[in-house]
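Student:
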């Protein structure tokens, strides 16, 4: 069932020197209207339904055990209606359950900044296509950081929107409490335009206080903190007030553990019956995470959900209208391809999820800005706003870039 869209010809397969696009279920679509996105090309992560084509989810057994979709994902239709042209599906990490960008079945899309390093995942093909200038923007999904982390690794703009602020109908469910549809762009103006097309709600409060998250910066190595310092100072100039704050009085590890428990339980609920029925061969790291998710108990979930409420209460206590949190997007630059699985799990993934779980647990919008480098490798710095302040964050990305060019 690796059906192509019947209207797709072989010759329209996109130029793909980066290995970013899907082959078996390739599909492209012309715009259905005109608007803010006229003459722009985009790609979508292979977790989103397109009518007449089968969604692959980064896993060949999934592709071959599912039927073509009867309808397209709502957000894809919105973009086509606004004048954008879909050029193809992009490779996703297997079952979206990874942050590296490596896929043993379909290969690892290149990180255009440094091909020896991973692009980040699980929206790996989407970020590669944008960073490599194959498309103007691309859609990904972000549950635990699958847009934000790749954006940092590849030096582009990326957003995890407010939870439920972008229509997710037609996207494969993963962990619904945290699932979001995000996007990448190189140009902040295009980054903002996409948001104005697909975001549902917009709070008008202007950001006026920058809260630099000291416990988040304490998690990263001194070299990372130093590399981000000039970006922080640049951001401070944009706000009337700037101060430091601790998000968690007990460290961010409990936040990460809470997130991982709820996420794992929901992933098994979403995928468990299919995994049990099909028994697919899963790649390194994916197999261990699925095995762990399978063992999570109801008691553990109950405890985690109680902690989740406390963390949300904490965020509501420390943030008032106009506040924006500032923190590193990633604790490190992109790791080298083939890094030992245990190192990825114990160091990269653990540290990253401590940072990335804040917005996830809070259901808050977060943008990663490509404002820093370490040894010529990109480092993202992130801004987190209150619910439905997504447009305000996108506007800030545009204004910051304009100020840097002046």
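Residue numbers (my numbering): 164 to 569.
Positions of the beta carbon are idealized from the N, C-alpha and C atoms, including for glycine.
No experiment lies behind these values; they were computed from the predicted model shown.
Suppose contacts are defined by Cβ-Cβ distances below 8 Å. Is residue 181 in contact with residue 313 by that definition?
Tutor: No, the pair does not count as a contact, with Cβ atoms beyond the cut-off.
Student: Does DSSP put residue 167 in a helix, a strand or coil?
Tutor: Low confidence applies to residue 167: its pLDDT is 41, below 50, so where it sits in the model is not reliable enough to give any reading.
Student: For the stretch 318-325 and the stretch 528-547, state whether three or more C-beta atom pairs, one from each stretch, are separated by less than 8 Å.
Tutor: Taking 8 Å as the limit for Cβ pairs, the verdict is that the stretch 528-547 does touch the stretch 318-325.
Student: Rank 270, 195, 226 and 236 by C-alpha distance to the C-alpha of residue 576 and give the top, closest one.
Tutor: Nothing about residue 576 can be reported from this structure: the residues present for the chain run from 164 to 569 only.
Student: From this set, 277, 354 and 324, which residue's C-alpha is nearest residue 298's C-alpha?
Tutor: Checking every option, the nearest Cα to that of residue 298 belongs to 354.
Student: Could you give the distance in angstroms between the alpha-carbon of residue 432 and the alpha-carbon of residue 497?
Tutor: Going from the Cα of residue 432 to the Cα of residue 497 covers about 31 Å.
Student: Cβ atoms of residue 337 and residue 259: under 8 Å apart, would you say?
Tutor: Yes; because the gap between Cβ atoms is below 8 Å, this pair is in contact.
Student: Is residue 335 helix, strand or coil when you go by DSSP?
Tutor: Coil at residue 335, not helix or strand.
Student: Over what stretch of residues does the beta strand (DSSP E) that includes residue 531 continue unbroken?
Tutor: Note, residue 531: beta strand (DSSP E), 529-537.
Student: If I follow the unbroken alpha helix (DSSP H) through residue 396, where does it start and stop?
Tutor: Taken as a continuous stretch (DSSP letters only), the alpha helix (DSSP H) holding residue 396 covers 385-399.
Student: Enumerate in chain order the residues of its own chain whose CB-to-CB distance from residue 540 is below 6 Å, with the five nearest sequence positions on each side excluded.
Tutor: Taken in chain order, the residues that qualify are 496.
Student: Under the assumption that residue 302 contacts residue 419 (Cβ atoms under 8 Å), give the Cβ distance between them as a whole number of angstroms.
Tutor: Going by Cβ atoms, the distance from residue 302 to residue 419 rounds to 26 Å, so no, they are not a contact pair.
Student: Would you kindly check if the distance between the Cβ of residue 376 and the Cβ of residue 578 is under 8 Å?
Tutor: Given a span of 164 to 569 for the chain in the structure shown, any question on residue 578 remains unanswerable.
Student: Alpha helix (DSSP H) containing residue 422: first to last residue?
Tutor: Residues 416-441.
Student: Expressed to the nearest angstrom, what Euclidean distance is found between the alpha-carbon atoms of residue 363 and residue 465?
Tutor: Cα to Cα, the separation comes out at about 31 Å.
Student: So, is residue 218 buried or exposed, given that buried needs 16 or more other C-beta atoms within 10 angstroms?
Tutor: Buried, by the Cβ-count rule.
Student: Alpha carbon to alpha carbon, how far is residue 446 from residue 223?
Tutor: Going by the C-alpha atoms only, they are around 12 Å apart.
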